[in-house]
Amino acid sequence: MKKTILGFSVIVFGLLFTSCQKDDYIPETPSLTDINEIKNAIEASPWIFKNSAVVYSPDAVETGPTEPCKDDDLYTFQLNGNAEVVYGPNNCGFYSAEINGKYASWELDPNGQTLKMVYSRDMPGGYLAGDVIVWRVDYITTKKLVIKRLVTEPGKSYTLVDTYKRN
Amino acid sequence: MKLFLSVLFVLILSFMKGQQVVMPLDRIYLNDSITIYEGFIVEQAPAIYVKILRKIEQDTLQLSMKDIWKMTREYPRADTTTVTAPSKKAAHRQTKNKYVYAEALGSAGLYSLNYDFRFNENRRDGWGLRSGFSYLNLTTYNYSGDVLNYRVLLLPLQVNYLFGKQKRFFEVGLGATYIIKSRQGTLMAPEYEYTIKYLGRRIPNVLGTMSLGYRRLPVKGKIMWGISATPLIGNSFTLPNIGFKIGYKLS
Chain B
110 MKKTILGFSV
120 IVFGLLFTSC
130 QKDDYIPETP
140 SLTDINEIKN
150 AIEASPWIFK
160 NSAVVYSPDA
170 VETGPTEPCK
180 DDDLYTFQLN
190 GNAEVVYGPN
200 NCGFYSAEIN
210 GKYASWELDP
220 NGQTLKMVYS
230 RDMPGGYLAG
240 DVIVWRVDYI
250 TTKKLVIKRL
260 VTEPGKSYTL
270 VDTYKRN
Chain H
2 MKLFLSVLFV
12 LILSFMKGQQ
22 VVMPLDRIYL
32 NDSITIYEGF
42 IVEQAPAIYV
52 KILRKIEQDT
62 LQLSMKDIWK
72 MTREYPRADT
82 TTVTAPSKKA
92 AHRQTKNKYV
102 YAEALGSAGL
112 YSLNYDFRFN
122 ENRRDGWGLR
132 SGFSYLNLTT
142 YNYSGDVLNY
152 RVLLLPLQVN
162 YLFGKQKRFF
172 EVGLGATYII
182 KSRQGTLMAP
192 EYEYTIKYLG
202 RRIPNVLGTM
212 SLGYRRLPVK
222 GKIMWGISAT
232 PLIGNSFTLP
242 NIGFKIGYKL
252 S
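Each protein sequence line maps, in turn, to chains B and H. Using our numbering, the first residue of the first sequence is number 110, and each one after it goes up by one. Using our numbering, the first residue of the second sequence is number 2, and each one after it goes up by one.
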């Protein structure tokens, strides 16, 4: 019996130590920091909306792969400050109207850390004409843009994380 | 005549000795399904106690009725009447409180294979330990929707206590499930961003576990089963869960 208890104790302590893994994430491409580089990266070419995650806490996240029908929708942040969308032939079906063209104006703060969007018409995702939405630029390269914002609603608050990519 | 009478007397004596009546004995079986006392019941207070006079041990025992499973009257059995005290080996053979069982859902989340035993080898109730394992392939997503698969080994370890008698037991257990995970791909974001598909929670390194439920153990057969509430307790969450177990008694 003593041997059994000793054996289990050894296993438990062994597991306690082996369970601690290192988070060894190093991004392949570091996020841009220069305001001009950030601006150029945003404007360079159309983005494809890849994902939206709702983060209530690190252990309460709503996320997953985006519907393939969104893979052919192109979002452009133009030099003149207009944000435009061109929907592809695959219609997701649950939007009342997928209208191409300008949907908002955009503006970067001088540090390139926040992206302000002023919506000029209603858009999927619950954005209404006149909404002013300020995003924090969390990660940006020429291939990937991750923006975040804190949303506070009656009874709950969460962080919304949107990801755009380009090939 | 004298000779005849002498022979007859000797014959009668031999016959009487040969025909010595084998008297049935009382047997008292205790709730632990292991202990059996054999002798003559000499006193009984209904619903309170029974006194048994043991022939071989030459003593008298008073047993509380609540500890008694059943009482019978049987002819003596060679295996018990001739052995005064079981050897250590024999006692070990009597122990039947070790089980292997499969659990659906339960302390390892989805399923597990387990081994369970009592610390006291001569009891079916009381303190015990359950240990097991489970292997899963889990798909996770980060906040950008990138997929990363994990191979996960879950090791539930739980100290439990069984209340009850005969075959019906109430189980209370407390323990932890240790999780060893191995990434099957490259991180595209910090690892804390990866959450399990549908659950929206990270794969933890360890989960606290509880077990509150019913366990049915065989007295004569081999199959055990049970059902328990088995909540999983994480760092910042508690997942309600239920476990169904079915298993086999090891001889």
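Cβ atoms here follow ideal geometry from the backbone N, Cα and C, with glycine treated the same way. Owing to the predicted nature of the structure, the values given are computational and were not obtained by experimental measurement.
Around the Cβ of Tyr102 of chain H, a 10 Å sphere holds 16 or more other Cβ atoms; the residue is buried. Distances from the alpha-carbon of Ile242 of chain B to those of B:Thr261, B:Cys178, B:Lys253 put B:Thr261 closest. By the C-beta density criterion, Asp181 of chain B is exposed, having fewer than 16 other C-beta atoms within 10 angstroms.
Taken through DSSP and simplified to helix, strand or coil, Ser108 of chain H comes out as helix. Unbroken beta strand (DSSP E) stretches of 3 residues or longer found wholly inside the region 144 to 221 of chain H: 148 to 166, 169 to 184, 207 to 217, given in chain order. The C-alpha of Gly234 of chain B is placed about 47 Å away from the C-alpha of Gly227 of chain H. Arg245 of chain B and Asp231 of chain B have their C-alpha atoms some 22 Å from each other. Fewer than three beta-carbon pairs drawn from the region 118 to 136 of chain H and the region 184 to 196 of chain H are found closer than 8 Å, and the two stretches are therefore not classed as touching.
Taking 7 Å as the CB threshold, Glu171 of chain B lines the interface with chain H.
Check the Cα spacing between Thr138 of chain B and each of B:Ala238, B:Asn191, B:Lys274, B:Thr250: the tightest is with B:Thr250. Under the three-pair Cβ rule at 8 Å, the region 187 to 205 of chain H counts as touching the region 140 to 147 of chain H. Contacts with chain B at 7 Å (Cβ-Cβ) do not include Arg119 of chain H.
Residue state for Met232 of chain B is assigned as strand, using DSSP reduced to three classes.
With a contact defined as Cβ atoms closer than 8 Å, Tyr228 of chain B and Gly239 of chain B qualify at about 7 Å. Taking 7 Å as the CB threshold, Thr210 of chain H stays off the interface with chain B. The residues Asp68, Ile69, Trp70, in chain order, have a CB closer than 7 Å to that of Leu31 of chain H in the same chain once the five nearest residues on each side in sequence are set aside.
If you check the CB distance, Arg275 of chain B and Trp156 of chain B come in under 7 Å. At a cut-off of 7 Å between beta carbons, Asp143 of chain B makes no contact with chain H. For Glu146 of chain B, there is no enclosing beta strand (DSSP E); the enclosing alpha helix (DSSP H) has its first and last residue at 144 to 152. Residue contact check for Phe134 of chain H against chain B: no CB pair falls below 7 Å. Of all residues in the region 167 to 197 of chain B, only Pro167, Asp168, Ala169, Val170, Glu171, Thr172, Gly173, Pro174, Thr175 place a beta-carbon less than 8 Å from a beta-carbon of chain H. Counting only runs that start and end inside the region 203 to 272 of chain B, the beta strand (DSSP E) elements of at least 3 residues fall at 210 to 217, 223 to 228, 241 to 249, 253 to 262. Across the structure, Lys56 of chain H and Thr36 of chain H are spaced so that their CA atoms are roughly 16 Å apart. Here DSSP, grouped into helix, strand and coil, assigns Met24 of chain H to coil. If you look at Gly227 of chain H, you'll find it in the beta strand (DSSP E) that goes 224 to 230. Spatial neighbours of Gly174 of chain H in its own chain (CB-CB distance under 6 Å, excluding positions within 5 residues in sequence) are listed in chain order as Gln159, Asn161, Ser212. Each residue's CA atom was taken as its position, placing Val43 of chain H and Phe118 of chain H some 37 Å apart. Three or more Cβ pairs drawn from the region 103 to 116 of chain H and the region 233 to 247 of chain H lie within less than 8 Å of each other, which places the two stretches in contact.
Asn160 of chain B has a beta carbon lying within less than 7 Å of a beta carbon in chain H. Nearest in C-alpha terms to Lys166 of chain H, of all of H:Phe238, H:Arg124, H:Thr210, is H:Arg124.
About 5 Å separates the beta carbon of Val220 of chain H from that of Lys168 of chain H, a gap short enough to meet the 8 Å contact definition.
Counting only residues of its own chain and dropping the five nearest sequence neighbours on each side, Pro177 of chain B has a CB closer than 8 Å to the CB of Asn199.
In the structure shown, Asp60 of chain H falls within a strand segment according to DSSP collapsed to helix, strand and coil. Taking 7 Å as the CB threshold, Val270 of chain B lines the interface with chain H. When Cβ-Cβ separations below 7 Å define contact, Tyr134 of chain B makes contact with chain H.
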